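Residue numbers (my numbering): 6 to 310.
We put the beta carbon where it would ideally sit given N, CA and C, even for glycine.
Since the structure is predicted, the reported quantities are computational estimates derived from the model, not experimental observations.
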Amino acid sequence: MSDILALFRTFARTVEAGSFTAVAREMNSSQPTVSRQIAQLEDHLGCLLFQRTTRALTLTDDGRLFYDHALRTLEAAAEAESAVGRRRGKPSGLLRLACAGVFGRLHVIPRLPRFRARYPDIDIALIMNDGFSDLVEEGIDLAIRVGEGRDSGLVARRLGTSRRVVVAAPSYVAARGVPAHPRDLADHDCIVYDRLLTGATWGFAIPEGPLSVPVAGPVHVNNTEAVRACVLEGLGIGYVPSWHFVDGEIEDGRLVALLQDFALPSQPISGIYPSRRYLPGKVRVALDFFAAEFDADPCLRTGEA
Numbered sequence: 006m007s008d009i010l011a012l013f014r015t016f017a018r019t020v021e022a023g024s025f026t027a028v029a030r031e032m033n034s035s036q037p038t039v040s041r042q043i044a045q046l047e048d049h050l051g052c053l054l055f056q057r058t059t060r061a062l063t064l065t066d067d068g069r070l071f072y073d074h075a076l077r078t079l080e081a082a083a084e085a086e087s088a089v090g091r092r093r094g095k096p097s098g099l100l101r102l103a104c105a106g107v108f109g110r111l112h113v114i115p116r117l118p119r120f121r122a123r124y125p126d127i128d129i130a131l132i133m134n135d136g137f138s139d140l141v142e143e144g145i146d147l148a149i150r151v152g153e154g155r156d157s158g159l160v161a162r163r164l165g166t167s168r169r170v171v172v173a174a175p176s177y178v179a180a181r182g183v184p185a186h187p188r189d190l191a192d193h194d195c196i197v198y199d200r201l202l203t204g205a206t207w208g209f210a211i212p213e214g215p216l217s218v219p220v221a222g223p224v225h226v227n228n229t230e231a232v233r234a235c236v237l238e239g240l241g242i243g244y245v246p247s248w249h250f251v252d253g254e255i256e257d258g259r260l261v262a263l264l265q266d267f268a269l270p271s272q273p274i275s276g277i278y279p280s281r282r283y284l285p286g287k288v289r290v291a292l293d294f295f296a297a298e299f300d301a302d303p304c305l306r307t308g309e310a
C-alpha cells in the first residue's frame, strides 16, 4: 500500500509541476526514475496517464479522471496520518515552508530552534525568495506572506500584522530637514522599493481620508533590506515595515521616525496553504506555532496600532 501511495504522490506532483524533471529535482531523484515510477503506475492501472512528447506532458482522459481520485486518496491518507499524530501528539514529516528572504532571516529562522524542539519529528525544507512561490506547482505545504492574498484558490490564516514606518537617518534630516506633511515628500529624496505593490506611491491617512503620495529619488532597490541599508547610510527617506527594526535603530537614535501623526496602512501577515479538505498535522501545528510566536512580538502582533 505504501508503494502505491508513493506512486500516487509522484503522479500528482508530476501533474502539478508539469514535468518529470521538476519532480525529480524536488524529490532529489532523477528524471528517468520519476519516468519509471509513472510507467509502473500505468502498468498497475492498465492505462496511459500521460501523452509524452519531447516538449510537454499532457494528461489523457484517464489521467484527468485518475488525478481527481488520486488527490482524494492522498488527502484521506494524510488525514488518517494526521489523526493518529494528533492522538499521539507527534506530528511528523517534511514541512516545505516558503517565505520572503528578509522576513525569513529576521523572523522565521530565529524561531525554528523552538519549533524543532517542540516538534522534533518534523523536518523543514525552507524556501526563501522575494517572489510569490506557486504553492501547488512547487509542492509547498505552507507559505508565510506579508500583504493581501492574490490567489483565491488558497486558504489564508492571519498570523500577525505588518505596519509601515517612515524613517530617515539623522544625517539626512540635518541636511534636508523634516517633512511636516506627506505631500512634503515631493521635495525629498525617497528610497524607492520597486517591488512595492503600489509602486512609487506611499499610502497615508489624513483627516480627509486616505492619501496616496508619489515619491521619487536617486536610488531604487528590489528588496526591503536594501531600503533599510540605504536609509541608514543617509541616502534618503524610507517607507519600511516595522518588523525590519529588530536591532533598535529608532530607539537608539540611528534612525528618526517621520510623519508619525499620519497613520500608515497595515498589512496582514498570513499563513497560506493549498485549499484542501484536510489540513496535515505538520501544517496545523506550524500555523499555531507562528501565530503564537508573532502574537508575542510587539512589531508583529495582530491588532497592535
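- When DSSP states are grouped into helix, strand and coil, Ala75 belongs to the helix group.
- For Ile242 against Val171, the beta-carbon gap comes to about 6 angstroms, under 8 angstroms, which counts as contact.
- Between the alpha carbons of Arg69 and Glu21 lies a distance of about 12 angstroms.
- Distance between Ala210 and Asp8, taken at the CA atoms: about 58 angstroms.
- With contact defined as three or more Cβ pairs closer than 8 angstroms, the segment 49-60 and the segment 30-39 are not in contact.
- Within its own chain, the residues whose Cβ lies closer than 6 angstroms to the Cβ of Leu131, once the five positions on either side in sequence are excluded, are Leu102, listed in chain order.
- With fewer than 16 other Cβ atoms from the protein chains shown falling within 10 Å of its own Cβ, Glu256 counts as exposed.
- Counting only runs of 3 or more residues that sit fully inside the segment 237-267, the beta strand (DSSP E) segments are 243-246, 261-263, in chain order.
- In the DSSP assignment, Leu292 falls outside any beta strand (DSSP E) and within the unbroken alpha helix (DSSP H) covering 286-300.
- At the C-beta level, Val226 and Asp189 stay beyond 9 angstroms of one another.
- Boundaries of the alpha helix (DSSP H) harbouring Arg123: 117-123, taken from the DSSP string.
- For Gly68, the three-state secondary structure derived from DSSP is helix.
- Rounded to whole angstroms, Val178 and Leu164 show a C-alpha spacing of 35 angstroms.
- Out of Val288, Asp194, Ala148, the CA that lies nearest to the CA of Arg181 is found in Asp194.
- A distance of 9 angstroms or more separates the beta carbons of Val218 and Pro175.
- The three-state secondary structure of Ala130, taken from DSSP, is strand.
- The C-alpha of Leu10 lies about 28 angstroms from the C-alpha of Arg60.
- Separation of Thr63 and Ala234 (C-alpha to C-alpha, rounded to the nearest whole angstrom) is 47 angstroms.
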